[in-house]
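The sequence shown begins at 13 in our numbering and counts up by one.
The C-beta atom is built at its ideal place from N, Cα and C for all residues, glycine as well.
One structure below.
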Amino acid sequence: MTSWIEIPENSDFPLENIPFGIAKTGETISPATRIGDTVVLLTVLADYGYFDALNLDDLSIFYQPVLNDIAALTKQKRVSLRERLIHLFTESSDELKQNTEDCSTALVNINEVEMLLPVKIGDYTDFYSSIEHATNVGVMFRDPANALLPNWRHLPVGYHGRSSSIVVSGTNIHRPKGQTRPDDNLPPVFGPSKQVDFELEMGFITAGSTRLGDSIPAEEAEDHIFGMVLFNDLSARDIQRWEYVPLGPFLSKSFGSVVSPWIVTLEALEPFRVEGPKQEPAVFPYLQTSGKRNIDIELEVYIKPQQSEENLVCKSNFRHMYWNMAQQLAHQTVAGCNINPGDLYASGTISGPTHNSFGSMLELAWKGTRPIQLHDGTQRTFIQDNDTMNIRGFAQKGGLRIGFGECVTKILPAK
Ligand code: CA
C-alpha cells in the first residue's frame, strides 16, 4: 500500500502499521497514529468530522489524554477505526489530502511532539514465559539437572506487578537503593543496588473488560488484545535475591519499568504469525490454542555509555515464547480475575537459544562471570550509572516492515 504521506525507507511505520499512541504538542494532548515520521492527531480529525462515518456512539474517545476508551471499543469498532485511517491516508484517497487546512493542523512531524504513556495502566502482570530464560535462571541459581520448576510446563507462571512506576520511553530512572546481602555469612547491608539489569520483554495491552468471576477462553483471548509494546522490566538483581523469598520480587522490580509509546495492533502484525514451540506435556484444555499464535518480531538491545557510541548486546525474537499471549490471558482469568481496558501483560524476559540472544545482563554476562566487552574498551556485567538502554523491535517479511520504534531509558545515579 502506498500513502500520500512520505514514508522514509525502512520506516517502522508504513501505512500498514497504524499504531496508536498519545502525542503532546504545545498545550494539546491527543490520541494519535503515526505514518512514517508524521504524527496524526486524532482529536483534530474528529473535530473535522472524519470519524463521523464510523457511527461510534461517542466521539469523546478521541478527546482523552489516554487510549483506555479506544481500547474499550469492540474489536469490530477498533478494526473499523484502523481501516478508516488507512483509507484516509491511501495514495488514491483525496478526502483529507485535498483539505490542506485540515492537514496543517492534524499532521505534525514526530520531532515536534512529545509521546506520553499511551494508557492509564490499571493492572500489570508480568509472566515468565520464555523457556530459555527460565532454564538459564534455574541453571544459575538452582539445579542444572532440574532447571525448570515442576509447574513451569503446566501453566504460564506470573505475578501481579506494580503499575504506578511504569513510564514511557525516554523517562530516565534513578538507581534504586535497598537491602542486599552480598555475603551469605554476614548480615544484610543497605545502599544503592550494584546489579541493575534490563529485561528484554514485550507486553500486550488489553481491550474491553470482563466481569469478576468470568473467564476468557484461550481461543477468544486475542479479541481482548488491543496491541503490543516493547517493555524494559528494569530489575535490581541484588535486591531481588535477598527480598524475593517467599512471595516473589517486590522493590527490585518496581523502581521503574519502561514501555514504548506506540501500541501496535495484532491486525498490523497478522502477516508475521508463526507456530510456537511444541508444548510437552500437553496443556490443560483451557490453555489449548490452535493455529499460529506466536509472532516473528526481531528484538535488539543496545547499551550506550555516557561518552561513547551504542553497542548491540542482544538479538532475540518474540517467536521464542513458550507460552503465547492467548494462553497468558486465558490463564490470568481462569480463576475469575476480571480485566479492564488498558491493563498491561508483560511476556517475561525473552531469551533465545544462543548466547547472544539472552534477554538480560544476568544471562549475557552469566551472573557476572563473563563480562560484556564494549566498543569503548570498558566492560559490563550489569548496568552502570549514565548508561542508556534502548530496545528496538520490528517484524519484517517480503518488503513489509512493521516496527515498534524504541524503548529508551537511562540509569541515573542513586538519589
Ligand atoms: Ca520481568
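Checklist entry - If you draw a straight line from the alpha carbon of Pro293 to that of Trp164, how long is it in whole angstroms? => result In the sequence shown, residue 293 corresponds to position 281, counting from 1. In the sequence shown, residue 164 corresponds to position 152, counting from 1. If you take the alpha carbons of Pro293 and Trp164, they lie about 11 Å apart.
Item to check | CB contact flag (Asn358, Phe139, <8 Å) | outcome: Counting from one through the sequence shown, the residue named residue 358 turns up at place 346. Counting from one through the sequence shown, the residue named residue 139 turns up at place 127. Here the sequence assigns Ala to residue 358, which means Asn is not the residue at that position. The answer is yes: Cβ separation under 8 Å.
Checklist entry - According to DSSP, what are the bridge partners of Glu126? => result By one-based count along the sequence shown, residue 126 stands at place 114. DSSP lists Lys36 as partners of Glu126.
Next on the checklist: Am I right that Asn94 and Glu234 are in contact with their C-beta atoms under 8 Å? What's the rounded C-beta distance?
Outcome noted: By 1-based counting over the sequence shown, the position of residue 94 is 82. By 1-based counting over the sequence shown, the position of residue 234 is 222. It should be pointed out that residue 94 corresponds to Arg in this sequence rather than to Asn. Glu234 and Arg94 do not touch by the CB rule: their CB atoms are close to 15 Å apart, not below 8 Å.
Checklist entry - Nearest to Gln7 by CA position, among Ala377, Thr400, Met401 and Asn402, is which residue? => result The requested residue 7 does not occur in the structure, where the chain is confined to residues 13 to 427.
Checklist entry - Would a C-beta distance cut-off of 8 Å place Thr50 and Val125 closer than the cut-off? => result One-based indexing of the sequence shown puts residue 50 at position 38. One-based indexing of the sequence shown puts residue 125 at position 113. No, Cβ-Cβ distance for Thr50 and Val125 is not below 8 Å.
Checklist entry - Thinking C-alpha only, which one of Pro229, Asn67 and Phe262 is nearest Thr301? => result Here the question's residue 301 lines up with position 289 in the sequence shown. Cα-wise, what sits closest to Thr301 is Pro229.
Checklist entry - To the nearest whole angstrom, what separates the beta carbons of Leu356 and Ile217, a pair I think is in contact under 8 Å? => result Taking the sequence shown and counting its residues from 1, one reaches residue 356 at position 344. Taking the sequence shown and counting its residues from 1, one reaches residue 217 at position 205. Right, the Cβ-Cβ distance comes to about 6 Å (below 8 Å), so this counts as a contact.
Checklist entry - Near Lys89, what residues of its chain come up, given a Cβ to Cβ distance below 8 Å and the 5 sequence neighbours on each side ignored? => result Here the question's residue 89 lines up with position 77 in the sequence shown. Cβ within range, chain order: Leu66 and Leu68.
Next on the checklist: Comparing C-alpha positions only, which one of Gln252, Arg404, Ile237 and Ala44 sits nearest to Ile122?
Outcome noted: Position 110 of the sequence shown, counted from the first residue, corresponds to residue 122. The shortest Cα separation from Ile122 among Gln252, Arg404, Ile237 and Ala44 belongs to Ala44.
Next on the checklist: Less than 8 Å between the beta carbons of Val179 and Met214, yes or no?
Outcome noted: In the sequence shown, the residue the question calls residue 179 occupies position 167. In the sequence shown, the residue the question calls residue 214 occupies position 202. Cβ distance not < 8 Å, so Val179 and Met214 don't count as in contact.
Item to check | Terminal residues of the alpha helix (DSSP H) in which Arg249 lies | outcome: For the purposes of this step, residue 249 is taken as the residue at position 237 of the sequence shown. Where Arg249 is concerned, the enclosing alpha helix (DSSP H) stretches over Arg249 to Glu255.
Checklist entry - In chain order, what are the residues with a CB under 5 Å from some non-hydrogen atom of ligand 1? => result Asp138, Glu211 and Asp245
Checklist entry - What are the boundary residues of the alpha helix (DSSP H) that Leu93 is part of? => result Residue 93 sits at position 81 when you count from the first residue of the sequence shown. Lys87 to Phe101 is the extent of the alpha helix (DSSP H) around Leu93.
Checklist entry - Touching or not, the segment 322 to 340 and the segment 102 to 118, by the rule of three or more beta carbon pairs under 8 Å? => result no
Next on the checklist: In the DSSP assignment, the beta strand (DSSP E) including Leu53 goes from what residue to what residue?
Outcome noted: The sequence position of residue 53 within the sequence shown is 41, counting from 1. It spans Thr50 to Leu53 - the beta strand (DSSP E) in which Leu53 sits, taken as one unbroken run.
Next on the checklist: Quick check on the burial criterion: 16 or more other C-beta atoms within 10 angstroms. Buried or exposed for Gln385?
Outcome noted: Within the sequence shown, the letter at position 373 stands for residue 385. Burial call: exposed.
Checklist entry - Just reading off the beta strand (DSSP E) that Ser269 is part of, what are its end residues? => result Locating residue 269 in the sequence shown gives position 257, where the first residue counts as 1. It spans Ser269 to Val271 - the beta strand (DSSP E) in which Ser269 sits, taken as one unbroken run.
Checklist entry - Between Asp81 and the rest of its own chain, which residues show a CB-CB distance below 6 Å, the 5 nearest in sequence each way excluded? => result Position 69 of the sequence shown, counted from the first residue, corresponds to residue 81. So the list reads Ile73, once near-sequence residues are dropped.
Checklist entry - Does the segment 157 to 171 come within contact of the segment 179 to 196, defined as at least 3 CB pairs closer than 8 Å? => result no
Checklist entry - Touch check for the segment 322 to 331 and the segment 96 to 108: three-plus C-beta pairs under 8 Å? => result no
Item to check | Pair within 8 Å by beta-carbon distance, Glu310 and Gly405 | outcome: Numbered from 1 along the sequence shown, position 298 holds the residue referred to as residue 310. Numbered from 1 along the sequence shown, position 393 holds the residue referred to as residue 405. Yes; because the gap between Cβ atoms is below 8 Å, this pair is in contact.
Next on the checklist: Do Val420 and Asn398 count as a contact pair if the criterion is CB distance below 8 Å?
Outcome noted: Start at 1 with the first residue of the sequence shown, and residue 398 comes out as number 386. Start at 1 with the first residue of the sequence shown, and residue 420 comes out as number 408. The answer is no: Cβ separation not under 8 Å.
Checklist entry - Cα separation between Ile362 and Gly61? => result As a first step, residue 362 is located in the sequence shown; it is residue number 350 there, counting from the start. As a first step, residue 61 is located in the sequence shown; it is residue number 49 there, counting from the start. The straight-line gap from Cα to Cα measures roughly 43 Å.
Checklist entry - If you check the beta carbons only, do Asp209 and Ile34 fall under 8 Å apart? => result Numbered from 1 along the sequence shown, position 197 holds the residue referred to as residue 209. Numbered from 1 along the sequence shown, position 22 holds the residue referred to as residue 34. With respect to Ile34, Asp209 sits apart: the two C-beta atoms are not nearer than 8 Å.
Next on the checklist: Taking contact to mean 3 or more Cβ pairs, one atom from each stretch, closer than 8 Å, check whether the segment 235 to 254 and the segment 189 to 200 are in contact.
Outcome noted: Output reads yes: the segment 189 to 200 touches the segment 235 to 254.
Item to check | Helix, strand or coil at Cys349 [DSSP, three-state] | outcome: Here the question's residue 349 lines up with position 337 in the sequence shown. Coil at Cys349, not helix or strand.
Checklist entry - Between Gly371 and Leu212, is the Cβ-Cβ spacing less than 8 Å? => result Counted from its first residue, the sequence shown places residue 371 at position 359. Counted from its first residue, the sequence shown places residue 212 at position 200. It is a contact, given that the beta carbons lie within the stated cut-off.
Item to check | Delimiting residues of the beta strand (DSSP E) encompassing Phe11 | outcome: The question about residue 11 has no answer here: the residues shown for the chain are numbered 13 through 427.
Item to check | Nonlocal neighbours in the same chain, by C-beta distance under 8 Å from Ser142, ignoring five residues either side | outcome: One-based indexing of the sequence shown puts residue 142 at position 130. Closer than 8 Å at Cβ, skipping near neighbours: His332, Met333, Tyr334, Ser359, Gly360, Thr361, Ile362, Ser363 and Gly371.
Item to check | Extent of the continuous beta strand (DSSP E) run through Ala157 | outcome: The residue given as residue 157 occupies position 145 in the sequence shown. Here Ala157 belongs to no beta strand (DSSP E), and DSSP marks it neither H nor E.
Checklist entry - Which whole-angstrom value is the C-beta distance of His343 and Leu167, which I expect to be below 8 Å? => result Working through the sequence shown from its first residue, we reach residue 343 at position 331. Working through the sequence shown from its first residue, we reach residue 167 at position 155. Confirmed, Cβ separation roughly 6 Å.
Checklist entry - How would you write the range of the alpha helix (DSSP H) that Thr112 sits in, first residue to last? => result Here the question's residue 112 lines up with position 100 in the sequence shown. Here the alpha helix (DSSP H) through Thr112 covers Thr112 to Ala118.
Item to check | Helix, strand or coil at Ser15 [DSSP, three-state] | outcome: Here residue 15 refers to the residue found at position 3 of the sequence shown. Strand, per DSSP.
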